[in-house]
Amino acid sequence: MKHFRYMAAVLFVLFATDLAFGQMGSYSSSNPRTSIGVQASSFRISYDGFDQTFDSRWGFSYGGHASWRISSTYNIVAKYRQFNKSNTATTNGIEQQFDWNERWINAGVRYIRVPDRGAMNFFGFGLSFFNIDGSGVSQVLPQNNDTADNKITSTGFFLDFGFGYPLARKLFFTIEIELTSAGIDGSGSLESSSIGGILISAGLHLFPF
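Convert by adding 1 to the 1-based position in the sequence shown; the result is the number in our numbering.
This is how it looks when you write it as structure tokens:
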């Protein structure tokens, strides 16, 4: 039940944010048709045993997004993320180098309100598609049958929300929080069995037209 309460709290923040920012700025009758962006992020993987092989669940991540408006405020969005970790650990008295290369694509719907002036806000949800490889995969996930080749794939979902502050007429500096969940061996959770996690990003958001 804990992860359901977590999701409910996130959704409450999304709607409260929209109500609050809806009182600020002057909104156009239609939002820009397209958007593109890049982000630098701090990512914390949820999987419980990750920090037994690597020093921390936290690490640097980078990525980008593109979206296309399908109604006055709703957009189809695609996002790419990458998270890499390396560490030297001793196993059975032997020192080994372990690598973890995690990539995922999010595809879903994003709600965006872009003002004529002032801050913008957005939130979205959809599916996440994960691909992981590296010598650390079988060390972190030894119970998984797919890790013999040090590779694993999984599908899950994402929720995100954020704010943007104008730097120029069509360019915004954005802060974004993204939650992803993708289980292994058919299990899915926002907690210890997920290879998703929480992503805190800063980036640039451009509306070309």
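Where a beta carbon is used, it is the ideal one built from N, C-alpha and C, also for glycine.
Asked, Found
"Confirm, please, whether the CB-CB distance from Y81 to R111 is below 9 Å.", "no"
"What residue range is occupied by the uninterrupted alpha helix (DSSP H) comprising D52?", "51 to 54"
"Provide the residue span of the beta strand (DSSP E) that contains S139, from first to last.", "Where S139 is concerned, there is no enclosing beta strand (DSSP E), although the alpha helix (DSSP H) it sits in stretches over 138 to 141."
"Is it right to say Q24 is buried, meaning 16 or more other beta carbons lie within 10 angstroms of its own, or is it exposed?", "At Q24 the pLDDT is 46, less than 50, meaning the model places this residue with poor confidence and gives no usable figure here."
"Taking only the alpha-carbon atoms, compute the straight-line gap between I95 and G119 and give it to the nearest angstrom.", "57 Å"
"Are the CB atoms of S202 and Q40 nearer to each other than 9 Å?", "yes"
"Which of the three DSSP states, helix, strand or coil, is assigned to N76?", "strand"
"Do three or more CB pairs link the stretch 135 to 143 to the stretch 157 to 176 at distances below 8 Å?", "no"
"By Cβ distance below 8 Å, which residues in the same chain neighbour I178 in space, the five residues on each side in sequence not counted?", "D161, F162, G163, I199, L200, I201, S202"
"So who's on the other strand from Y166, going by DSSP bridges?", "F174"
"Rounded to whole angstroms, what's the CA-CA distance from T35 to I77? Just pull it up for me.", "10 Å"
"So, for P167: in the same chain, excluding its five sequence neighbours on each side, which residues have a beta-carbon less than 7 Å away from its beta-carbon?", "F173"
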